[in-house]
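Protein chains in written order, with this note's numbering: chain A, -12 to 250; chain B, -12 to 250. All remarks here apply to the structure that follows.
Number of protein chains: 2
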Amino acid sequence: MNKLYIIKIGGNVLDNEKALAEFLKNFASIQAPKILVHGGGKIATDIGNQLGIESNYIDGRRITDSPTRDLVTMVYGGLLNKQITAQLQSLHCNAMGVTGADGNLLRATKRPVTKIDYGYVGDITPESVNSTFLYFLLKQNITPVFASLTHANGEILNTNADTIASVLAISLSKHFDTRLIFCFEKNGVLKNVNDENSVISNLTKELYDKLLKEGSFHDGILPKLENAFAAIQSGVKEVLIGEHSHLLANTGYDTRGTLITLQ
Amino acid sequence: MNKLYIIKIGGNVLDNEKALAEFLKNFASIQAPKILVHGGGKIATDIGNQLGIESNYIDGRRITDSPTRDLVTMVYGGLLNKQITAQLQSLHCNAMGVTGADGNLLRATKRPVTKIDYGYVGDITPESVNSTFLYFLLKQNITPVFASLTHANGEILNTNADTIASVLAISLSKHFDTRLIFCFEKNGVLKNVNDENSVISNLTKELYDKLLKEGSFHDGILPKLENAFAAIQSGVKEVLIGEHSHLLANTGYDTRGTLITLQ
C-alpha cells in the first residue's frame, strides 16, 4: 500500500509565523499523499477578546457556546485555514482547505447533554468520515487541510483536532499505509515532564499500560496518547509525537520524538 | 450539453436569516449541477466595526488593506461560507465551501498599483479557473460554494463576487449549457430605478448599447451588466438578473427578472 501522512499541528506552530512557514515548507516537500489537520491558537483568543467573547470552561473542558462556535468557524475555518492553503499553493502543494461540512467529509453527532452541556461540540468516529470522497481527492493529488470543525443537522460543530487526525488516520488505513504525526511543543512523550531529554523513543502498548498504572503521564499528554493508541489499535501503522522541526526536516520524518507502535 | 446553474447572492440574501434559508432550500432543490457564489454582507461590516477595522474607499471603490483582507477571509471564507455549506448539507445538497485558493480553483493577479492602490484585490479572467478540477467536482455531484476570495503568491485576495460568478460561467461553458443568475435586491434591471415595475424583461446587446448611450442605467447596475455581457459574449447561454425568490421558486428559474441574451 502507498504511504499516507496525516499531520496535526497546534498553537505552538500556528502562533509563530516563522515556525509555520518552516513547517509548511517541510510539509509541502513530502512527496507522498498527505493531510494536514490544524486547530486554532492564540489568534482565536485574541480576536475573541476583541469581540468580547469569553472563554467558558467546566472542569477544565472548554464549552463551545454560540458566539464561541462562530469565532472558531471564522478563525479556524476562515482565517487560518485559508492562509495555510494559500501558502501551500505557493509552495506547489495543491492544498484544499476544508471543514467536516465540506463534501460531507466529517459528519458528527452533537455531544449529548449530560451533567455538562459542552455546547456546539461534535463527536466523531471513524465511521463519520466520507473516506470515499477523501480517497478520491487524494488520488487527484489534492492535499486536504482540515480545520478542526465538523457538522451535524445544518450546523458547524467544534471538534478536537487530535481526534480528527486520529479518526481520519483510522478511516484511511484501509487504503493507505498510514502514518499519524502529532506535532506539539515538546520533543516527544517525556518520562519526566520537566526534562526535555527524557523522551520515550518507543512507546508500545505494554509500556504505555505500565506507565499509565504508575501515573507517569502528565494530564496534558493523556488525550493525545488515547487518540494515538486508538489509531494504532485500529489499523494505523505508526504514530509519531514530537516537535515539528525534528519530525519533518528532510526525510518527512525521522526517529526523533516518540514512536508509538503496538508492539 | 447538460445544464449548469451558477448563482450569485449578495448582502440582501445573506443578511436576512429567513431569506437565506428560503434561498438555500430553493437552491438545494435544483437537480442540475450548480455552483453558488456569495460575497459578504452587513455581518462583515459589524464584525469589522467591533474589531476597529475601518472601511477605506477611494473614488467609491473599496480598498482592501491588510486588516480588511483578514476580516473578509474570516467572515466570507469562514463564517458565512461554512454556515451555508452546513445548511446545504442538511438539505441533502453535497456542498463544498471553497475560496479560489482551495484546489487552486481561482488563481488571480494582485491588482497592479496605478493611481490607486486597491490593496489585496485579485483580478481574474476565465483562464484563472482550474476548470478541470471544478468539472471533476461537479461530476462527483459536489456543489461548490465560492466565497469571493482568490489567491496569488501565497496570499488570499479579495475579488468581486459578480466577477467570480461570470468568470466561472465563461470557463465552464465549454462543458455545460451554462445559466448565470445574479440575485439582488431589485426585481430585475429597471428602466426607471425608482419603479420596481419597470423591469426590462429581455435585454439584448443591441438594447443594452442603446440604453447605455442614453445614460439610462443606474451606476450600481453597470458592473453587473458588464459582467453579464462579458459572460454572454463568451459562450454563456443566458444571464438572469433579479430577486432571488422570483428567480428560484419552483422551477429553478422562470422569466420574472431580466433575461440577458445576445440577440
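Even for Gly, the Cβ is constructed at its ideal location relative to N, Cα and C. Note that the structure is a prediction, hence the values are computed from the model and not measured.
A buried status is given to A:A148, since no fewer than 16 other beta-carbon atoms sit within 10 Å of its beta-carbon. Residue environment analysis places A:K197 among the exposed positions, since fewer than 16 neighbouring C-beta atoms fall within 10 angstroms of its C-beta. Taking C-beta atoms under 8 Å as the contact rule, B:I151 and B:V24 qualify, at a distance of about 5 Å. Taking a C-beta cut-off of 8 Å against chain A, the contacting residues of the stretch 46 to 66 of chain B are D57, T60, M61, V62, Y63, G64, G65, L66, listed in chain order. Secondary structure note for A:V0: its alpha helix (DSSP H) is the uninterrupted segment -2 to 1. Just measuring C-alpha positions, the residue of B:N117, B:T96, B:Y122 sitting nearest B:D110 is B:T96. One thing to note: B:L(-9) has its Cβ within 9 Å of the Cβ of B:K21.
Within the stretch 71 to 88 of chain B, those residues whose Cβ lies closer than 7 Å to any Cβ of chain A are, in chain order, T72, A73, Q74, Q76, S77, N81, M83, G84, T86, A88.
Comparing C-alpha distances from A:N13 to each of A:S232, A:G(-2), A:K192, A:Y107 shows the shortest one belongs to A:S232. Residues of chain B whose Cβ lies closer than 9 Å to the Cβ of A:I111 do not exist, since the nearest Cβ in that chain is about 15 Å away. B:L67 sits in a helix when the DSSP states are folded into three classes. In this structure, the beta-carbon distance from B:G229 to B:K178 does not fall below 9 Å.
Collapsing the DSSP output to three states places B:H79 in coil. Under the three-state reduction of DSSP output, B:G207 falls in the helix class. When rounded, the separation of the alpha-carbon atoms in B:E193 and B:F204 is 14 Å. In the three-state scheme derived from DSSP, where H, G and I count as helix and E and B as strand, A:I228 is classed as strand. Going by DSSP, B:N(-11) is part of no beta strand (DSSP E) at all; its letter is neither H nor E. Beta-carbon to beta-carbon, B:L75 and B:T130 are separated by about 7 Å, close enough to satisfy the 8 Å threshold. Rounded to whole angstroms, A:E213 and B:R49 show a C-alpha spacing of 50 Å. Relative to B:F169, the option among B:H162, B:G(-2), B:S115 whose CA is nearest is B:G(-2). The distance from the Cβ of B:T245 to that of B:E225 is about 11 Å, inconsistent with a contact at the 8 Å cut-off. Look at the stretch 127 to 140 of chain A: the residues with a C-beta under 9 Å from a C-beta of chain B are Q127, I129, V132, A134, L136, H138, A139, N140. With its beta carbon at least 9 Å from every one in chain A, B:F14 lies outside the interface. In the DSSP secondary-structure assignment, A:A139 is bridged to A:E142. By the C-beta density criterion, B:G207 is exposed, having fewer than 16 other C-beta atoms within 10 angstroms. The bridge partners DSSP lists for A:H25 are A:I(-4), A:A134. Of all residues in the stretch 26 to 38 of chain B, the ones placed with a Cβ closer than 9 Å to any Cβ belonging to chain A are I34, Q37, L38, in chain order. As DSSP reads the structure, A:R49 sits in a beta bridge with A:Y44.
From the listed residues A:I103, A:G28, A:F216, A:D182, the smallest Cα separation to A:E4 is found for A:G28. Judged by DSSP in its simplified three-state form, B:L177 adopts strand. When the five nearest sequence neighbours on each side are left out, the beta carbons in the same chain lying within less than 7 Å of the beta carbon of B:F10 are those of I(-4), V0, H231, L235, in order along the chain. Interface annotation for the stretch 152 to 182 of chain A against chain B: empty, criterion Cβ-Cβ distance under 9 Å. 9 Å or more divides the Cβ of B:T55 from the Cβ of B:I143. At least 9 Å separates the CB of A:I(-7) from every CB of chain B. Below the 7 Å Cβ cutoff, chain B contributes A73 as neighbours of A:E142, in chain order. Close to chain B, meaning a Cβ-Cβ distance shorter than 7 Å, are the following residues of the stretch 89 to 118 of chain A: D89, G90, N91.
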